[in-house]
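There are 2 protein chains.
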Amino acid sequence: MAESREFLFPEKMLLKAGAGERIACELRMRIISGMIESGTILSENKLAADFAVSRSPIREALKVLASENIIRLERMGAVVVGLTEKEIQEIYDVRLLIETYVFERLLKMDTNQLSKELSKILEMMNVAIKYRDADEFALQDVLFHETIIGSINHSYILMIWNNIKPVMECLILLSMRMRIAEEYEDFTRVIKNHEIYIEAIESKDRALMIESLHLNFDDVQVQEKVEDLWRSQQMLSKGAVQEK
Amino acid sequence: MAESREFLFPEKMLLKAGAGERIACELRMRIISGMIESGTILSENKLAADFAVSRSPIREALKVLASENIIRLERMGAVVVGLTEKEIQEIYDVRLLIETYVFERLLKMDTNQLSKELSKILEMMNVAIKYRDADEFALQDVLFHETIIGSINHSYILMIWNNIKPVMECLILLSMRMRIAEEYEDFTRVIKNHEIYIEAIESKDRALMIESLHLNFDDVQVQEKVEDLWRSQQMLSKGAVQEK
DNA sequence: TCTATAATACTTGTATACAAGTATACTTGA
DNA sequence: TCAAGTATACTTGTATACAAGTATTATAGA
Numbered sequence: 109m110a111e112s113r114e115f116l117f118p119e120k121m122l123l124k125a126g127a128g129e130r131i132a133c134e135l136r137m138r139i140i141s142g143m144i145e146s147g148t149i150l151s152e153n154k155l156a157a158d159f160a161v162s163r164s165p166i167r168e169a170l171k172v173l174a175s176e177n178i179i180r181l182e183r184m185g186a187v188v189v190g191l192t193e194k195e196i197q198e199i200y201d202v203r204l205l206i207e208t209y210v211f212e213r214l215l216k217m218d219t220n221q222l223s224k225e226l227s228k229i230l231e232m233m234n235v236a237i238k239y240r241d242a243d244e245f246a247l248q249d250v251l252f253h254e255t256i257i258g259s260i261n262h263s264y265i266l267m268i269w270n271n272i273k274p275v276m277e278c279l280i281l282l283s284m285r286m287r288i289a290e291e292y293e294d295f296t297r298v299i300k301n302h303e304i305y306i307e308a309i310e311s312k313d314r315a316l317m318i319e320s321l322h323l324n325f326d327d328v329q330v331q332e333k334v335e336d337l338w339r340s341q342q343m344l345s346k347g348a349v350q351e352k
Numbered sequence: 109m110a111e112s113r114e115f116l117f118p119e120k121m122l123l124k125a126g127a128g129e130r131i132a133c134e135l136r137m138r139i140i141s142g143m144i145e146s147g148t149i150l151s152e153n154k155l156a157a158d159f160a161v162s163r164s165p166i167r168e169a170l171k172v173l174a175s176e177n178i179i180r181l182e183r184m185g186a187v188v189v190g191l192t193e194k195e196i197q198e199i200y201d202v203r204l205l206i207e208t209y210v211f212e213r214l215l216k217m218d219t220n221q222l223s224k225e226l227s228k229i230l231e232m233m234n235v236a237i238k239y240r241d242a243d244e245f246a247l248q249d250v251l252f253h254e255t256i257i258g259s260i261n262h263s264y265i266l267m268i269w270n271n272i273k274p275v276m277e278c279l280i281l282l283s284m285r286m287r288i289a290e291e292y293e294d295f296t297r298v299i300k301n302h303e304i305y306i307e308a309i310e311s312k313d314r315a316l317m318i319e320s321l322h323l324n325f326d327d328v329q330v331q332e333k334v335e336d337l338w339r340s341q342q343m344l345s346k347g348a349v350q351e352k
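Next up, the structure:
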């Protein structure tokens with residue numbers, strides 16, 4: 109029987125991260141997965157005790173999460189807001205907005221180097237599938253889009269991406285973990301969509317790009333209700349029967 | 109002779125702000141105005157001494173400025189990046205991007221209430237001009253656009269706004285302060301542009317909206333080179349001859 | 001039993017202390 | 001004079017301490 113994992117966020121990502129960042133990632137994961145329910149009030153002291161650190165890194169983490177709109181810093185404690193389906197849709201609105209903008213810029217650029225990088229990432233994703241590594245797959249997926257966005261050298265567009273990235277990353281991580289066990293063919297379809305994306309960039313075909321973007325969103329997008337994420341997550345990690 | 113002002117950022121904005129926020133605003137203003145030059149290395153200890161506070165609020169402020177891309181947190185000290193003209197252009201790219209998006213949404217909404225609010229702000233701006241209050245004018249200008257963006261209730265679009273707002277605010281503040289002394293007619297033109305914006309919203313006229321948006325950007329946009337901002341700023345506040 | 005007031009326990013914001021690591025400068029040797 | 005190595009002073013990251021304020025709870029009075 110699989111042991112219950114102590115941390116939801118992949119620890120390999122946090123090798124050279126400070127305590128604050130580590131805790132931000134973990135809390136974000138717990139909030140988005142539903143493990144920490146909306147409305148919960150987090151206290152710095154309590155969190156510090158739970159994570160066995162001082163309040164300093166906790167404060168740092170809470171500031172980050174507040175800037176991502178998944179908690180709200182109030183006078184007495186931080187209120188967990190979480191993500192409703194409306195907000196998930198909004199995140200994808202923003203992605204569509206900036207990726208479309210980026211594509212317009214790419215039309216006027218040489219995209220040879222970019223195209224090579226993307227192909228490399230795609231191969232990494234294939235390997236991840238081969239070894240049923242959902243986390244690696246998700247991370248490469250995020251990297252794929254980050255590479256595209258970063259390629260136009262627009263610091264403020266990149267800033268927008270950096271703001272939504274952590275939450276995106278969590279959503280994709282959770283979605284992939286849920287699906288890798290059974291819905292194998294989903295992943296090959298995701299790969300296929302990314303291939304179309306690359307093709308759109310190479311041929312500078314607007315329509316194709318929009319199509320693949322939509323395909324990708326519809327695919328990766330969490331069709332399940334957010335509240336179900338944690339339940340699935342529990343079942344995956346514990347492999348045991350849960351009450352209820 | 110006017111006395112040199114100790115703080116660049118309007119203190120009335122910071123009445124109920126903590127030390128961290130206050131310092132972030134002040135440092136941002138000094139960096140964007142050029143008072144603190146690009147390449148300068150800021151040390152937490154030194155800043156703490158300068159502002160006569162402990163390192164805690166300083167750290168908080170530096171984190172904020174780093175998320176705005178105007179400083180870069182490194183191993184040894186925070187490197188001031190500042191704003192080049194390229195980056196100022198990029199900020200306006202993003203504004204154009206989101207305000208256009210917002211307008212598309214407004215087309216499908218009832219904009220009566222919004223239009224009233226905007227008219228009120230416009231009157232406030234007129235009063236500010238009447239009393240030659242550049243700061244108040246700038247703040248109301250920012251509020252004008254924030255009100256539009258906030259009206260569509262899109263938390264992630266609002267998040268983007270909140271990310272670029274502080275820097276925008278500084279740019280507009282500096283620009284208005286420089287111009288209020290002499291270029292009086294500029295302000296009535298800004299008012300005029302905003303009136304067009306309201307009209308575009310009321311008539312739901314895409315073309316008109318784009319036009320007013322461009323007019324507004326071209327107008328408010330800092331035509332002067334950024335490096336000149338601080339020099340002008342110094343002359344304004346000291347009213348004395350500067351070397352060089 | 002209900003209300004008002006006071007005591008208490010918990011909250012955040014800021015200041016200080018300590019530890020680990022890095023760049024600089026100096027000293028020592030040739 | 002130059003090079004190598006060491007000592008020192010400064011950096012950030014984290015932990016702890018303290019202060020001011022707020023919600024809760026308990027107690028006293030009617």
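In order, the protein sequences belong to chains A and B. Mind the numbering: the first sequence is residues 109 to 352 in our numbering, read in order. Mind the numbering: the second sequence is residues 109 to 352 in our numbering, read in order. For every residue, glycine included, the Cβ atom is placed at its ideal position computed from N, Cα and C.
- Apart from sequence neighbours up to five positions away, the residues of its chain that approach B/G258 with a beta-carbon distance below 7 Å are L266, ordered along the chain.
- For A/E198, the neighbours in chain B by C-beta distance under 8 Å run, in chain order, H262, S263, Y264 and I265.
- Restricting attention to alpha helix (DSSP H) runs no shorter than 4 residues, the segment 275-303 of chain A encloses none.
- The CB of A/N271 comes closer than 9 Å to the CB of S175, Y264, M267, I268 and N271 in chain B, given here in chain order.
- The segment 193-201 of chain B and the segment 244-254 of chain B do not touch, with fewer than 3 CB-CB distances between them shorter than 8 Å.
- Along the segment 158-172 of chain A, going in chain order, the ones with a CB nearer than 9 Å to a CB of chain B are S164, R167, E168, K171 and V172.
- If the five residues before and after A/L122 are omitted, its C-beta is found closer than 6 Å to the C-beta atoms of R130, all from its own chain and listed in chain order.
- Among the residues facing chain B, A/E207 is not included, as its CB has no counterpart in that chain under 7 Å away.
- Nearest CB-CB separation between B/V202 and chain A: below the 7 Å threshold.
- Fully enclosed alpha helix (DSSP H) runs of no fewer than 4 residues occupy 220-238 and 242-258 of the segment 216-262 of chain A, in order along the chain.
- Where A/L191 is concerned, there is no enclosing beta strand (DSSP E), because DSSP gives it neither an H nor an E.
- A/I166 and B/Y264 do not touch by the CB rule: their CB atoms are close to 25 Å apart, not below 8 Å.
- A/R183 carries a coil assignment under DSSP once its states are collapsed to helix, strand and coil.
- Interface with chain A (7 Å Cβ-Cβ cutoff): B/E152 is excluded.
- Exclusion of the five residues before and after A/A308 leaves L316, M317 and S320 as the residues of its chain whose Cβ lies within less than 7 Å of its Cβ.
- Between the segment 212-224 of chain A and the segment 176-187 of chain A, the count of Cβ pairs shorter than 8 Å is below three; the stretches do not touch.
- Runs of alpha helix (DSSP H) with 4 or more residues, each lying fully within the segment 138-174 of chain A, are found at 152-159, listed in chain order.
- Within 10 angstroms of the beta-carbon of A/A157 lie fewer than 16 other beta-carbons, which makes it exposed.
- The alpha-carbon of A/K216 is positioned some 22 Å away from that of A/I268.
- B/L247 sits away from B/H302, with the two beta carbons spaced by 7 Å or more.
- Taking C-beta atoms under 8 Å as the contact rule, B/C278 and B/R180 fail to qualify, at a distance of about 18 Å.
- When secondary structure is reduced to three states using DSSP, B/N324 falls in the helix class.
- For the pair B/H262 and A/E198, the CB atoms are nearer than the 7 Å cut-off.
- Distance from the CA atom of A/I280 to the CA atom of B/D313, rounded to whole angstroms, is 39 Å.
- The criterion of a C-beta distance shorter than 7 Å is satisfied by A/I237 and A/F295.
- Nearest CB-CB separation between A/E195 and chain B: below the 7 Å threshold.
- Burial check for A/S162: the Cβ neighbour count within 10 Å stays below 16, so the residue is exposed.
- The residues I199, R203 and V250, in chain order, have a CB closer than 8 Å to that of A/M276 in the same chain once the five nearest residues on each side in sequence are set aside.
- In this structure, DSSP gives B/G126 a state outside helix and strand, which the three-state scheme calls coil.
- In the displayed model, B/D201 falls within a helix according to three-state DSSP.
- By the neighbour-count definition (other C-beta atoms within 10 Å, threshold 16), B/G126 is an exposed residue.
- Assigned with DSSP and collapsed to three states, A/K312 falls in coil, not helix or strand.
- Closest option to B/I260, judged by alpha-carbon separation, among B/L155, B/Y209 and B/E134: B/Y209.
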